[in-house]
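All remarks here apply to the structure that follows.
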Amino acid sequence: MIVKQYADNIQVTEVCRIFFIDLIVNFCILKKICEILSRIVTILRESSSLVLNIFIQLLQNMGRNILHVEFLNFVRNILLLFSKDIDKPVLNLFLIVLQKFRCLFNGDMQWLKNHVDMVEDVANFFSQVIKKLPNIIHQCPDEAFILFIELIKNGIQLHEPGTLKSISTFTSNFIEYTKSDQRTINLLQQNGFEIVQILLQCIGGASPHHLIESLSLPLFTLSKSYIDWTTSWIQQCLNNPNFPTSSAKRHHCETLLKVLTAKQTSRSSFKDHVNTFSLACREPISKENYLS
28 MIVKQYADNI QVTEVCRIFF IDLIVNFCIL KKICEILSRI VTILRESSSL
78 VLNIFIQLLQ NMGRNILHVE FLNFVRNILL LFSKDIDKPV LNLFLIVLQK
128 FRCLFNGDMQ WLKNHVDMVE DVANFFSQVI KKLPNIIHQC PDEAFILFIE
178 LIKNGIQLHE PGTLKSISTF TSNFIEYTKS DQRTINLLQQ NGFEIVQILL
228 QCIGGASPHH LIESLSLPLF TLSKSYIDWT TSWIQQCLNN PNFPTSSAKR
278 HHCETLLKVL TAKQTSRSSF KDHVNTFSLA CREPISKENY LS
């Protein structure tokens, strides 16, 4: 109530700034700070624009390991509230998240494996922003999209169910987004074959079978968004008789391609066919019915 009453008081906002920065430096209670900031935004709503620059300064002063769900929820709420107001520096908030995540991840697959909870939270955050606030994504530098591609290529190889599901949804939303941004279309075209190759390797046995539903979603979205590219990429992969394993025979590959090119294939039907293909890839090569 006090914050709401004195939101337009410069002295009060300056006291708040000093107070929060002091907490960050001396007590490292970052999650609680983000919870407090989220409450302030919820209470003040549009009036919180008066202290928005202070919020941004606070976030910049927080360390790299701030990417927990409380912080991301706070940033998301700010973006949702002010994303349509081009006079507000809300893009900087999103760029702060990108920069902090890039410094932590840095293309390191092992880092992702060691921080699956954080990766899940970040992937959910990116997915929500891409889907609900494409105008924010439109303003991002090219480096942001390169980071997204690296996260996709590495993230879809993770074996943690919740994290993979978040990565899969993020990947699907990113693919949908590319249809409205030429820069990302070009980037997807350059990296699509590798993404499909990794997905098929995971489906074929590199990942546990119970993850098939999550792994099939990006393939389904690709096939519905860029059917010619997807068909070509999958055909290139399956031209190798031992890819993803020697167990899957020609008719398994042909069936998968047929499902991909079918215009009326439902998500459920597609998942079932991918599951069948995955099981065929995992059959021991000595099985009699897979020798021919």
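Take 28 as the starting number for the sequence shown in my numbering and just add one per residue.
No residue lacks a Cβ here, since even glycine has one placed at the ideal position from N, Cα and C.
From a predicted model like this one, the values you see are computed outputs, not experimental measurements.
Inset, instruction - Output the distance between the C-alpha atoms of Arg210 and Gly232, rounded to the nearest integer angstrom. - result: 33 Å
Inset, instruction - Count the other C-beta atoms from every protein chain shown that fall within 10 angstroms of the C-beta of Asn141, then say buried if there are 16 or more, exposed otherwise. - result: exposed
Inset, instruction - Work out the CA separation of Thr190 and Val117 for me, nearest whole Å. - result: 27 Å
Legend entry - With 16 other Cβ atoms within 10 Å as the buried cut-off, status of Asn133: exposed
Inset, instruction - Tell me whether Ala275 sits in a helix, a strand or coil according to DSSP, three-state version. - result: coil
Legend entry - Under the three-state DSSP convention, the category Asn141 falls into: helix
Legend entry - Spatial neighbours of Val156 in its chain, beta-carbon cut-off 8 Å, leaving aside the 5 residues before and after: Arg103, Leu106, Phe121, Ile163, Ile164
Legend entry - Option in Asn151, Leu214, Lys180, Ile81 with minimal Cα separation from Glu97: Asn151
Inset, instruction - Tell whether a beta-carbon distance below 8 Å holds between Ile261 and Leu287. - result: yes
Inset, instruction - Assign Val59 to buried or exposed, taking buried as 16 or more other Cβ atoms, counted over all protein chains shown, within 10 Å of its Cβ. - result: Note on residue identity: the sequence assigns Lys, not Val, to residue 59. Exposed.
Inset, instruction - Kindly indicate which three-state DSSP category Glu187 falls into: helix, strand or coil? - result: coil
Inset, instruction - Measure how close the beta-carbons of Leu215 and Ile202 come, nearest whole angstrom, since I'm counting them as under 8 Å. - result: 7 Å
Inset, instruction - Assign His95 to one of three DSSP states: helix, strand, or coil. - result: coil
Inset, instruction - Could you say which of Lys127, Asp208, His236, Leu244 lies nearest to Val223 if we only look at CA atoms? - result: Leu244
Inset, instruction - Would you kindly check if the distance between the Cβ of Thr258 and the Cβ of Cys308 is under 8 Å? - result: no
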